[in-house]
Amino acid sequence: MKVEVYNEILKEIKSFSGSGRKYTKHLQDKFPSVSDLTLASIYSLEYQRKMKRTHQKFYNIIEELYDRYTSAIEAGEDVGVMLRLAEEIDLSPALLARMILEKFYEKHSEEGAEPATKSFLTKLMKDTTLIKDKDLAYEIYLCVVYDDQYGAITDCVKHSLGQEYEFRLQRMVKDLNIPFRDEEHLRRHGYDKTPDIKLEIPFAVDGFVVNWIESKALFGDEEGHNTYFKDQYLSYWNRFGPGLVIYWLGFIETLELRTEKCIIIREDFPTNITLMDPTSIEPHPVTV
255 MKVEVYNEIL KEIKSFSGSG RKYTKHLQDK FPSVSDLTLA SIYSLEYQRK MKRTHQKFYN
315 IIEELYDRYT SAIEAGEDVG VMLRLAEEID LSPALLARMI LEKFYEKHSE EGAEPATKSF
375 LTKLMKDTTL IKDKDLAYEI YLCVVYDDQY GAITDCVKHS LGQEYEFRLQ RMVKDLNIPF
435 RDEEHLRRHG YDKTPDIKLE IPFAVDGFVV NWIESKALFG DEEGHNTYFK DQYLSYWNRF
495 GPGLVIYWLG FIETLELRTE KCIIIREDFP TNITLMDPTS IEPHPVTV
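Each residue of the sequence shown is one higher than the last, beginning at 255 in the working numbering.
As structure tokens, this is what we get:
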């Protein structure tokens with residue numbers, strides 16, 4: 255993606271406050287040449303970073319937010335109190351719900367009761383029927399279901415999308431009869447950080463030798479790529495040599511201009527790979 259287009263998309267996103275449900279259609283109308291999944295990925299990445307930057311300030315006023323919630327419930331306001339509050343303060347509904355849930359159990363702790371640890375709160379967020387206050391349980395349930403950018407449901411959707419593209423990649427490699435090992439196999443044999451595919455026989459793309467392939471079902475921007483490079487790609491390169499990273503939902507063009515010699519970046523499986531033929535001295539190109 256051209257830098258100018260990406261910056262224009264970011265400008266639109268940063269000028270908006272509210273839920274992704276309300277804004278996705280606007281982005282699609284504004285940038286019809288960009289796929290819906292790519293726009294959704296860019297928006298999601300920016301939204302999550304925004305929450306990480308700003309959510310701490312809401313912990314500083316959680317007493318006030320909790321009092322506003324309880325006052326609204328006692329006054330008999332319509333359901334969706336937390337959703338309306340989250341939209342007003344521009345905070346993820348799921349994050350607000352977790353903060354209020356934690357405060358509730360701090361105020362209503364009983365002797366011998368399970369402490370409000372992170373794992374305990376996560377369990378309640380995943381199964382709101384375990385929450386002893388019925389109003390609180392339903393309010394949190396609404397937040398979890400409605401929040402399309404944060405929380406358990408969002409994590410499941412992203413995990414499912416990631417698996418879908420991993421399976422697509424494996425199918426493409428299998429169709430070419432290229433032997434490989436997947437992440438599960440590598441982990442069973444003691445590797446801690448593993449790419450999605452480790453090729454048994456390397457191939458070349460535009461003269462670049464590829465030993466492994468990593469599938470990313472998201473848009474590749476500078477911040478995300480730098481994090482993945484430090485936490486994943488560099489480890490793969492140290493262990494297996496150079497590899498290929500596929501950002502299926504596209505990437506900003508500046509990533510391609512980087513001089514890192516340990517990886518190449520594509521937004522689809524390459525169509526001009528060169529395979530090694532063990533029966534011949536010369537490798538032969540294959541068009542996918």
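From the three backbone atoms N, C-alpha and C, an ideal C-beta is built for every residue, glycine too. Predicted, not measured: the structure shown is a model, and the values here were computed from it.
Can you check which of these residues, the options, is closest to residue i by C-alpha distance?
i	options	result
M426	D409, I407, I451, H413	I451
L430	G461, P524, W491	P524
F462	P496, H479, S489	P496
I519	E476, H362, E300, Y313	E476
Y419	L291, S469, M255	S469
Y501	M305, I517, R435, I267	I517
E521	L264, F285, S289	S289
I296	H309, R307, Y277, Q310	Y277
E317	G334, A471, Y359	Y359
Q486	A351, Y320, L509, K447	K447
S373	R352, L390, K388	R352
R303	L440, E262, E331, S346	S346
L529	A340, Q282, L453	L453
D460	L498, R435, E331	L498
G330	D389, E262, F434, R441	D389
H362	T376, K377, D381, Y320	Y320
L440	S414, Y490, T308	Y490
Here's the rule I'm using: 16 or more other beta-carbon atoms within 10 Å means buried, otherwise exposed. How should residue i be labelled?
i	result
V411	exposed
V257	exposed
K357	buried
M400	In the sequence as displayed, the identity of residue 400 is Tyr instead of Met. Y400 should be labelled buried.
D402	buried
H479	buried
V545	Past the boundaries of the shown model lies residue 545; the chain is included only from 255 to 542, so the question cannot be answered.
L509	buried
I455	exposed
I263	buried
L511	exposed
E393	buried
Determine the contact status of residue i and residue j, defining contact as a CB-CB distance below 8 Å.
i	j	result
M379	I354	no
N465	F421	no
G504	F473	yes
L349	Y404	yes
Y260	I506	yes
V398	I385	no
P449	I467	yes
I267	F312	no
F285	L291	no
A458	G416	no
Y323	L299	no
D409	Q424	no
A391	T383	yes
Need the endpoints of the alpha helix (DSSP H) that residue i sits in, please.
i	result
Y501	Premise fails: Y501 lies in the beta strand (DSSP E), 497 to 501, not in any alpha helix (DSSP H).
L291	290 to 313
P347	347 to 361
F421	406 to 429
F434	Element bounds for F434: not the alpha helix (DSSP H) but the beta strand (DSSP E), 434 to 436.
K265	257 to 268
Y487	That residue, Y487, is in no alpha helix (DSSP H); it is neither H nor E in DSSP.
I316	316 to 328
S373	372 to 380
I343	335 to 343
Using three-state DSSP, classify residue i as helix, strand or coil.
i	result
K515	coil
L529	strand
L453	strand
G474	strand
V399	helix
V459	strand
F505	strand
Span of the beta strand (DSSP E) holding residue i?
i	result
V464	462 to 470
D387	Premise fails: D387 is in no beta strand (DSSP E) and is neither H nor E.
If you measure from the beta carbon of residue i to each beta carbon in chain C, is any gap under 8 Å?
i	result
F462	Absent from the structure is chain C; it holds one protein chain and no more.
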